[in-house]
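Note sheet for the following structure.
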Amino acid sequence: MSDNTLFIVFIAILGGALRVSTPFMFVALGECLTEKSGRVNLGLEGTLVLGAMSAYAISYHTGSPWLGVLAAGCAGSALGAMHGYICKLPKVNDVAIGIAMMLFGTGLAFFFGKAYIQPTAPRLGSIPLGDWTGNAQLATALQINSLLIIGILVAMAMSWAFANTKWGLIIRMTGDSAPAAMAMGVSVDLVRFLATTAGGFLAGVGGAFLSLYYPGSWNQGLSSGQGLMAVALVIFARWDPLRCVAAAFLFGATGAIGPALQSVGITQGYYFFNAAPYILTLFIMIASAGSKRASRDVPGELSITK
Amino acid sequence: MSVDAPVRAMALETIGMTKIFGSFTALGDVSMKVEAGSFHALLGENGAGKSTLVKSIMGYYHADRGSLLLDRQETLIRNPRDARAHGLGMVYQHFTLVPCLTGAENLVISRADAPGVIDWTKEKKSLDAFLDRMPFRAPLDVPVASLAAGEKQKLEILKLLYLDQRLLILDEPTSVLTPQEADEILGLLKGMTDRKEISVVMITHKFREVTSFADSLTVLRRGRRVGGGNVAEMSTDDMARMMIGDTQVRDRAKRAERPAGKTTLDLAGLMADDDEGLPVLAAVNLKVSAGEIVGIAGVSGNGQSQLVEVLSGQRPLKDGRIFIRDAPFEPTRDAYYRMKVFGLPEEPLKNATVPRMSVAENMAFRNFDKPPNAKLGWWLSPGPMRAKARELIARYQVKTQSPDSPIGDLSGGNVQRAVLARELSGDVDVLIVANPCFGLDFASVAEIRSQIMEQRNKGAAVLLISEDLDEVLELADRVAVMSEGKITYVAPVQETDRATIGMHMAGHH
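Listed in order, the protein sequences are those of chains W and S.
Under the working numbering, residues 189 to 494 are what the first sequence spells out, in order.
Under the working numbering, residues 101 to 609 are what the second sequence spells out, in order.
Have a look at this one:
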């Protein structure tokens, strides 16, 4: 393999990481926020798909992709709020509800989305970050979407807020020790409801990226489990928003290995490389399950038997 | 919060407090009077209604009858938040600090007027100023999860003082502390009550603490007030009689004189890591003979819990061997059965029982797969299991509604008794006991200690790991001190004293 091919592969992976990571990032941040408050929302896969559909539909009808992004966020919040409300009822298991919400979200998206598979909606623009390099390939790879920057900013804001604001501390407190939060007069259910709703908003926005930027169309096979992988990613990132961003890039890069190799003519093991993110998820789950540091960082209230 | 204003102690009085759960009167017509600036002890056995009384005061329960007077004003407390607003603060038996937050974060967020955006430079400065005025300090910059029990307890009390509370209710505050830490904290609180800065109500059943620190006391039994008054006018015998009433407390089993037997339990160079992967046991060497109790004393966190976990198969051994009667011992179910090794781990509800399974099932953990409880080793018969449980419940006086109630519903002392019944009802060669009387009342303590002594007299090799030095001195034939993961001192109990042991506990060899 010549230096040039290596360079192409590298660029393709970099470009892939920048493009593919955004939905992972938003879903992971949403899940991170929800889990910090002590609740697991496994339904974010459904939220992602419904967000993608809503964004595409609204963008198509209004002609404004950013209105589409907002609509995706609102659809996500609605699903999040529903999850948050149902889990508030006594003896409800959040994991089971999450799975139901995942099926509900995807089902709803497919039902309303039938009409939007054909038409073309206006898509989000991109910011050329790499034009100064003078290298056409690099310039294409470095074309990024503003949602990526927004995602990084959201992660930074979350990380700051968890340490420096009253609400941040209250969310961490609720997630780590519900009795302590109740003793302080904090309504645990309300905090979790709000955190799940806000988490749903972020996941919905992640869906808008899928349908409005990359791959940039609406169809039923759009997500292929990214919402579920993002949940694993939060565990890998040990519930830290900034590490969620890093983990999202890592997932994006592994997802790009297959196409990148194909672009230089290596087709052997194409499907194997395409499966890389799923294999990575598996290994991450195994590695983090045995990690003692992960068990220390896990919010104390997270449990599948609540 | 105001920084310079002196904290004024508050007076508290309950009149005819009554709380009924279903058909059970948990609290019947209890009147208690706490003068402003006094240190009041609330004595009683487990289940006597102490917790119900303070929870009714704090607004967790709504009393069915009765009223509460704060500074002689009748006050209605609807919920814990109300209580806090009125200056009532409580330190619970379980900690209410949030483990993942640092001390500073815990303090600031507990304030009702915590700012939306926290200016940490400013807050740190005011926290430092606050700590300078306090009689004791606690580390504020590390997550609470990594603090030792004593530090957590201090931080809990600091939190209440930081919130400007004028009356503190402490629910068995010293059960997690070393004797020195307990004396220090209670002494400092006593100083604050003497200066009329706060009033204190302390739930306890340690007479020593009552006589050394409290001014006045109230004694509860079966939900009723059975006595009280000034501590100075009462002897501990009076208090004990009021507390346990006519209940017969079992006499302590006498230490039978017997020649030292052969070495039964031999720990040879045990090494293990803690949860973070750091070495916590650094070659523990110890021999225990038949018919002997070896008591391991030490400041908590020097590897005692990990040693117990290693011996009970809860933690992998990195190096070293355990021998029982010169045969290597691996902590497997089969080996426990064959070599007759039994144990009473600390926090039995967590370490020795499955809370949601029934008392009968929990009592059968050692032999549910052996006849008559099982046929062929897998077909279980609940009948004999329940019959056996009934017998044990009667013999060990376990208070439970039926053998079929979940063991998690039992009080602490009764869980301990149920585990004791399971572990001691057969033939015991080796007994490993950790903090067996932690948080238990007077009668249970006497009972459990005499059971342990009986096993020794019958020829078992007993390894007792306890944070209560009095317990070690009372029971042990030989005393060992554990410090930084090693046994640093071993001596027959007649040839040593508190001061020597204390010195080794503190790490001076």
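C-beta atoms are modelled at their ideal positions from N, C-alpha and C, and glycine is treated no differently.
Report buried or exposed for residue i, applying the criterion of at least 16 other Cβ atoms within 10 angstroms of its Cβ.
| i | result |
| --- | --- |
| S:Q253 | buried |
| W:V228 | buried |
| S:S335 | exposed |
| S:Q551 | buried |
| S:I422 | buried |
| S:R358 | exposed |
| S:V217 | exposed |
| S:N462 | buried |
| W:M344 | exposed |
| S:H140 | buried |
| W:V280 | exposed |
| S:R549 | buried |
| S:A229 | exposed |
| W:T469 | buried |
| S:S102 | Its pLDDT being 40, under 50, S:S102 is placed unreliably in this model, and the value from its coordinates should be taken loosely. That one is exposed. |
| W:P278 | exposed |
Restricting to Cα atoms, I'd like to know which of the options is closest to residue i.
| i | options | result |
| --- | --- | --- |
| S:D426 | S:I209, S:R517, S:G585, S:T363 | S:T363 |
| S:M292 | S:F313, S:I552, S:F307, S:T274 | S:F313 |
| S:G403 | S:S246, S:A599, S:S583, S:A249 | S:S583 |
| S:D187 | S:G512, S:D219, S:L261 | Position check: residue 187 of chain S holds Gly in this sequence, whereas Asp was assumed. For the residues S:G512, S:D219, S:L261, the minimum Cα distance to S:G187 belongs to S:L261. |
| S:G513 | S:A248, S:V310, S:S544 | S:S544 |
| W:A269 | W:L255, W:F460, W:I285, W:T210 | W:I285 |
| S:P484 | S:V498, S:Y496, S:P503, S:E145 | S:P503 |
| W:G264 | W:D282, W:G231, W:H249 | W:G231 |
| S:E574 | S:G585, S:V593, S:V310 | S:V593 |
| S:K290 | S:H305, S:E309, S:E272 | S:E309 |
| W:L146 | W:Y273, W:I445, W:F471 | Residue 146 of chain W is absent from the model: chain W starts at 189 and stops at 494. |
| W:P574 | W:T308, W:N333, W:G301 | There is no way to answer for residue 574 of chain W, as the model of chain W reaches only from 189 to 494. |
Starting from residue i, follow the beta strand (DSSP E) in both directions and report where the run begins and ends.
| i | result |
| --- | --- |
| S:D366 | 363-373 |
| S:L385 | Per the sequence shown, residue 385 of chain S should be read as Asn rather than Leu. First-last of the beta strand (DSSP E) with S:N385: 379-389. |
| S:K586 | 586-592 |
| S:G166 | 165-170 |
| S:V134 | 124-134 |
| S:D219 | Per DSSP, S:D219 belongs to no beta strand (DSSP E) and is neither H nor E. |
| S:A397 | 392-397 |
| S:R266 | Unbroken run through S:R266: none, as it is neither H nor E. |
| S:T318 | 316-321 |
| S:I532 | 530-534 |
| S:M190 | 188-191 |
Within 7 Å (strictly less), CB to CB, does residue i reach chain W?
| i | result |
| --- | --- |
| S:I565 | no |
| S:R181 | yes |
| S:V72 | The structure shown has nothing for residue 72 of chain S, since chain S only spans 101 to 609. |
| S:G401 | no |
| S:G443 | no |
| S:I218 | yes |
| S:A214 | yes |
Measure from the C-beta of residue i to each C-beta in chain S and report whether the shortest distance is under 7 Å.
| i | result |
| --- | --- |
| W:A368 | yes |
| W:M344 | no |
| W:T353 | yes |
| W:A371 | yes |
| W:S365 | yes |
| W:R431 | no |
| W:L357 | yes |
| W:R360 | yes |
How would you write the range of the alpha helix (DSSP H) that residue i sits in, first residue to last?
| i | result |
| --- | --- |
| S:L540 | Where S:L540 is concerned, there is no enclosing alpha helix (DSSP H), given that its DSSP letter is neither H nor E. |
| W:L317 | No alpha helix (DSSP H) contains W:L317, which DSSP labels as neither H nor E. |
| S:A84 | No answer is possible for residue 84 of chain S: the residues shown for chain S start at 101 and end at 609. |
| S:H140 | Careful: S:H140 lies outside any alpha helix (DSSP H), inside the beta strand (DSSP E) at 139-144. |
| S:E113 | Looking at the DSSP string, S:E113 is not in any alpha helix (DSSP H); the run it does join, the beta strand (DSSP E), is 112-121. |
| S:D338 | 336-344 |
| W:M361 | 354-364 |
| S:V454 | S:V454 -> no alpha helix (DSSP H), and no H or E assigned at all. |
| S:E523 | 512-524 |
| S:A460 | 459-463 |
Determine, using beta carbons only, whether residue i comes closer than 7 Å to chain B.
| i | result |
| --- | --- |
| S:G512 | Considering every chain present, this structure includes no chain B. Its protein chains are W and S. |
Could you tell me if the beta carbon of residue i falls within a distance shorter than 6 Å of some heavy atom in the ligand MN?
| i | result |
| --- | --- |
| S:L169 | Only the bare structure without any ligand can be found here, which leaves the ligand MN out of the picture. |
Problem set entry | Contact list for the segment 194-211 of chain S against chain W, Cβ threshold 7 Å | T196, L197, V198, P199, C200, L201, E205, I209, S210
Exercise. Relative to chain S, which residues along the segment 434-462 of chain W have a C-beta separation below 7 Å, given in chain order?
Worked result: none
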